[in-house]
Amino acid sequence: MATVLAPLADRWRVVKRSLERPLTSYYLILGGTSMLLAIGLMMVLSASSVYSFKVHDSSYYIVLKQLTWVAIGLPAAWVASRIDRRWLRRLAWPAVGVAVVLLALTQTSLGFAVNGNRNWLALGPLTVQPSEIAKLSVVLWAADVYARKERLLGNPVQALVPVAPVVVMISGLVVFQHDLGTALVLFAILLGMLWVVGVPARLFGIALSVVGVAAFYLAASNAERRTRLTSFIDPFADFQGAGWQAGHGLLGMASGGLLGKGLSASQQKWGSLPEAHTDFIFAVLGEELGLVGTLLVLALFGAVAYAMIRLAINTADPFVRYASAGICIWLMSQTLINIGMVLALLPVIGIPLPLVSYGGSALVPSLVALGLLVGFARDEPEARAALRARRRDRAPRDDDGTTPRSGVPAVLAGGLRSRRRGTERGRA
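Just so we're aligned: 915 in our numbering is position 269 of the sequence shown, and the numbers increase by one with no gaps anywhere.
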């Protein structure tokens, strides 16, 4: 038995040493995000091709729009990774105000409804979903508030005010748009942040109960939501009605098997599965890439989540701690809700899968948030030192050790510099 476990123990030690390196968070966030984005583009092309050809007379119309959003999101993420932290904290306050104004504008003539949710805004040629912008704004603003009140957070009132009232107000605006899914994500962010700042368990339990009761009331007060709430328990009981989407999502996942049917071989995307390239893209992924593909996506999300948690634990900056934790709670809660929805473990409430589902309003804020985390990870003291050492090691040299910059052999450069300093001292 010992001979069998010894190689496993050695491999675990190697993995553990790798995870303890200074640049672990940096590379996990950068690599995991890049791979999820690539898988997302591939799956958007596959899942949307039939619908895109039917509606827009081109199989590539939707994926080209997604590529446009990626072309906007990646530079925005790069800028976010380079932005000064002090400026970021200053921008968080007006960002929340802008998010509230945009949410309110959806109830004017500029707003329009999609699938019964009036949560879209027409700004010239662009259509924007303000609630997606609100998620990032709330996280950064709450992180700045908690960083400023770091020494006062032992008082539950200081931990609750003003964050809880503002998040509840924004969630109310989102609920007024009939977007229960986004409201649940905002409540998850609030509860997660309260847990991170150390709110007493009793108060945290009360807040969790209030959110649960409010969510149940909002779901039960609307006939359509009430039907969704009950139909997910057994989608096949009303397969031709309320259980159609959840049922076909399960059929797609089940038919994929271990390795899947292959890319572009999905049958559900031919019209049986609504929102195949948005909220239910994970079902198409499971059908085409099988259990292996779905586990790969889950592993990538897990790696990114580990890096975010590691960053929040290791940093000495309270703003970075709360921002990293808040972004982790936001993206991972949204991931769990989406996958739970596809697996019929949760009601169908219209939540996209981060980085994978189609949609620029969700993709760009997610990329900006991850860009911020890349910047946080790169600015860790040990990470900065490791990056500087790596740049020095990669500096080009000639075969004789000559540095291209000076044209002097590296071995002699130190002697020449010391001789020059001695001459200058003699002149003095």
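We put the beta carbon where it would ideally sit given N, CA and C, even for glycine.
Do the CB positions of residue i and residue j come within less than 8 Å of each other?
| i | j | result |
| --- | --- | --- |
| Pro964 | Ala717 | no |
| Leu1019 | Ser1012 | no |
| Val988 | Gly895 | yes |
| Arg727 | Gly1017 | One point to set straight first is that residue 727 is Ser, not Arg, in the sequence displayed. Contact: yes. |
| Val856 | Ile675 | no |
| Tyr697 | Ala922 | yes |
| Val938 | Leu904 | yes |
| Ile835 | Val784 | yes |
| Pro811 | Leu849 | no |
| Gly719 | Val943 | no |
| Leu830 | Ile995 | yes |
| Gly902 | Gly932 | yes |
| Gly893 | Phe885 | yes |
| Ala1032 | Pro668 | yes |
| Ala1103 | Tyr672 | Because residue 1103 is not part of the residues shown, which for the chain are 647 to 1074, the question remains open. |
| Gln712 | Leu734 | no |
In terms of alpha-carbon separation, which member of the options lies closest to residue i?
| i | options | result |
| --- | --- | --- |
| Thr981 | Tyr672, Leu682, His894, Ala655 | Leu682 |
| Ala866 | His824, Leu941, Cys974 | His824 |
| Ala971 | Trp841, Gln712, Val856 | Trp841 |
| Asn598 | Ile959, Pro920, Leu999 | Only positions 647 to 1074 of the chain appear in the structure, and residue 598 is not among them; the question remains open. |
| Gly906 | Phe885, Trp916, Thr940, Lys915 | Thr940 |
| Ser1007 | Trp724, Lys781, Trp733, Leu710 | Lys781 |
| Glu934 | Ser910, Asp925, Arg956 | Ser910 |
| Leu786 | Leu832, Leu772, Asp880 | Leu832 |
| Val820 | Leu864, Val809, Glu796 | Leu864 |
| Leu737 | Trp715, Ala789, Phe758, Asp703 | Ala789 |
| Thr670 | Pro993, Lys915, Arg956, Ile997 | Arg956 |
| Ala962 | Ala723, Gly686, Arg1040, Glu796 | Glu796 |
| Gly1005 | Phe926, Asp1039, Phe947 | Phe926 |
| Gly936 | Gly858, Val966, Ala900 | Ala900 |
| Gln730 | Val966, Val859, Trp916 | Reading off the sequence, residue 730 comes out as Asp, not Gln. The shortest Cα separation from Asp730 among Val966, Val859, Trp916 belongs to Val966. |
| Ala759 | Trp724, Ser695, Phe822 | Phe822 |
| Gly917 | Pro653, Ser695, Ala655, Ala883 | Ser695 |
| Asn763 | Trp724, Ser979, Ile997 | Ile997 |
| Trp724 | Asp1039, Arg1040, Gly1021 | Gly1021 |
Assuming residue i contacts residue j (C-beta within less than 8 Å), just tell me the rounded distance between them.
| i | j | result |
| --- | --- | --- |
| Gly827 | Ile985 | Not quite, the Cβ-Cβ distance comes to about 13 Å (not below 8 Å), so this is no contact. |
| Leu799 | Gly844 | 6 Å |
| Ala1023 | Ile973 | Going by Cβ atoms, the distance from Ala1023 to Ile973 rounds to 12 Å, so no, they are not a contact pair. |
| Ala990 | Pro881 | 6 Å |
| Leu756 | Leu772 | Not a contact, Cβ separation roughly 11 Å. |
| Leu992 | Phe862 | Incorrect: roughly 13 Å between the Cβ atoms, too far for contact. |
Assign residue i to one of two classes, buried (16 or more other C-beta atoms within 10 Å of its C-beta) or exposed (fewer than that).
| i | result |
| --- | --- |
| Met815 | exposed |
| Gln891 | buried |
| Asn765 | buried |
| Thr754 | exposed |
| Arg657 | exposed |
| Lys700 | exposed |
| Tyr968 | buried |
| Glu1026 | buried |
| Val742 | buried |
| Leu665 | exposed |
| Thr714 | exposed |
| Trp976 | buried |
| Val809 | buried |
| Ile852 | exposed |
| Phe947 | buried |
| Val813 | buried |
| Gly770 | exposed |
| Ala953 | buried |
| Gly678 | buried |
| Gly818 | exposed |
| Ser1052 | Model confidence at Ser1052 stands at a pLDDT of 45, short of 50, so the residue's coordinates are unreliable; what they give is reported in the following sentence. Ser1052 should be labelled exposed. |
| Gly858 | exposed |
| Ser630 | Past the boundaries of the shown model lies residue 630; the chain is included only from 647 to 1074, so the question cannot be answered. |
| Ala655 | exposed |
Using a Cβ-Cβ distance cut-off of 8 Å, determine whether residue i contacts chain B.
| i | result |
| --- | --- |
| Val760 | The question asks about chain B, but that chain is absent: this structure has only one protein chain. |
Three-pair Cβ contact test at 8 Å for the stretch 992-1011 versus the stretch 682-692: yes
Any contact between the stretch 738-753 and the stretch 772-790? By contact I mean 3 or more CB pairs, one from each, below 8 Å. yes
When the Cβ atoms of the stretch 684-693 are set against those of the stretch 703-714, are three or more pairs found closer than 8 Å? These segments touch.
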